[in-house]
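Single-structure report; data block below.
Residue numbers (the UniProt record's numbering): 1 to 304.
Okay, structure coming up:
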């Protein structure tokens, strides 16, 4: 028997609309409260002393190198696939196909889970390449704080964002302090956390009791899913700010690796979005996942 989800009643819709309106009103009030604070002498002095720029080493190169552009695209592409396959793993009631390892016969998983693990591996490999090139090129100091002043500067940027009187952006030369802290958390905290908990939940994690006690399954689950939500929230805010603080220039920086404002960065970005949409659709189909999965084991498609 098939079960259909009941449609919300008009009262539930009305309550939802009132809830959204209340959140917008609270946010709008917050803007005026922060603007009022920033107009005081105390906060004016604070913003003047800490305008928001991340402290920068004199030896840090300017510009966005080419490796940042292509690893940035691959990171976004793989992250989209990770989210899509992760949703499938979390919500799939019945597997559409099974993958079995040719080396370890007891190692079996659904094709959705295999796709999730495979994309995770590619995402991690891309991240390792990015971090290695970041340190080799000397660009590491753009995202790694080198001075304690990064924290008051980050608070300054946050207050300016909330007040809608945004700080001047010039990411070609330097990130602001809040960007820098966000990037270092994403690269060196959230990504390893997602990788470790994902490895714990995968079929390749050792099954011996000693290994099981190191990181219990339930704890890994409680960490892994919120970490994915954190990545999604970061991407939404990140893309929103990129488009709201000079879209053409920001896209030229990241996708065309130039400080010149042109449409090249936009069109490259648009092409990558098309590829992401195609990847999202492909991750829904077990018959497509089965093709690369067959290179590493035996695959059996199941009727739903």
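All C-beta atoms in this analysis are idealised placements derived from N, C-alpha and C, irrespective of residue type, glycine included.
For clarity, every value in this text was computed on a predicted model and none was experimentally measured.
- Task: Just tell me which of 69, 235 and 22 has its CA closest to the CA of residue 254.
- Result: With distances taken between CA atoms, residue 254 lies nearest to 69 out of 69, 235 and 22.
- Expressed to the nearest angstrom, what Euclidean distance is found between the alpha-carbon atoms of residue 45 and residue 162? The alpha-carbon atoms of residue 45 and residue 162 are separated by roughly 18 Å.
- Message: Closest to residue 351 by C-alpha separation, out of 211, 138, 53 and 236, would be which residue?
- Response: Nothing about residue 351 can be reported from this structure: the residues present for the chain run from 1 to 304 only.
- residue 232 to residue 123, Cα distance in whole Å? Roughly 15 Å between the two C-alpha positions.
- Query: Between the beta-carbon of residue 133 and the beta-carbon of residue 61, is there less than 9 Å?
  - Reply: No, these two residues do not count as a Cβ contact at 9 Å.
- Task: Whole angstroms is fine: what's the gap from residue 30's alpha carbon to residue 238's?
- Result: Roughly 21 Å between the two C-alpha positions.
- Cβ neighbours of residue 258 in the same chain (closer than 6 Å, five flanking residues each side left out): Only 252 meet the Cβ criterion.
- Message: So, with DSSP's three-state summary, where would you put residue 53?
- Response: Residue 53: strand per DSSP, three-state reduction.
- Query: Helix, strand or coil: how does DSSP classify residue 240 here?
  - Reply: The three-state secondary structure of residue 240, taken from DSSP, is helix.
- Query: If you run the structure through DSSP and keep just helix, strand and coil, what is residue 2?
  - Reply: Low confidence applies to residue 2: its pLDDT is 44, below 50, so where it sits in the model is not reliable, and the reading given next is rough at best. Looking at residue 2 - three-state DSSP - the assignment turns out to be coil, as it is neither helix nor strand.
- Message: With a threshold of 8 Å on Cβ separation, who are the neighbours of residue 110 within its own chain once the five nearest residues in sequence on each side are excluded?
- Response: Counting only Cβ-Cβ distances below 8 Å, and skipping sequence neighbours, we find 89, 92, 95, 96, 97, 98 and 99.
- Count the other C-beta atoms from every protein chain shown that fall within 10 angstroms of the C-beta of residue 209, then say buried if there are 16 or more, exposed otherwise. Burial is judged here by how many other beta carbons sit within 10 angstroms of a residue's own beta carbon; residue 209 has fewer than 16 and is exposed.
- Buried versus exposed, by CB contacts within 10 Å (16 or more), residue 13: With a threshold of 16 other beta carbon atoms within 10 Å, residue 13 falls short and is exposed.
- Item | For residue 189, three-class secondary structure by DSSP | Three-state DSSP puts residue 189 in a helix.
- Message: Run through the DSSP bridge pairs and tell me what residue 299 is partnered with.
- Response: Residue 299 is bridged to 99.
- Query: By how many angstroms is the C-alpha of residue 191 removed from the C-alpha of residue 106?
  - Reply: The alpha-carbon separation between residue 106 and residue 191 amounts to approximately 29 Å.
- Task: Give me whichever residues DSSP pairs with residue 174 in a beta bridge.
- Result: Beta-bridge analysis with DSSP links residue 174 to 170.
- Item | residue 235 versus 300, 299, 185 and 76, residue with shortest Cα-Cα distance | Shortest Cα-Cα distance from residue 235 to any of 300, 299, 185 and 76 involves 76.
- Message: For a test of the three-state rule: what should DSSP assign to residue 108, helix, strand or coil?
- Response: Looking at residue 108 - three-state DSSP - the assignment turns out to be strand.
- Item | Bounding residues of the alpha helix (DSSP H) (the contiguous stretch that carries residue 17) | Per DSSP, the continuous alpha helix (DSSP H) segment holding residue 17 begins and ends at 10-38.
- C-beta contact flag for residue 227 and residue 215 at 9 Å: Using a Cβ distance threshold of 9 Å, residue 227 and residue 215 do not count as a contacting pair.
- Task: Leaving aside the five residues before and after residue 2 along the sequence, list all residues of the same chain whose C-beta is less than 8 Å from its C-beta, in chain order.
- Result: Because the pLDDT of residue 2 is 44, which lies under 50, any placement of that residue in the model is unreliable, and the question is left without a value.
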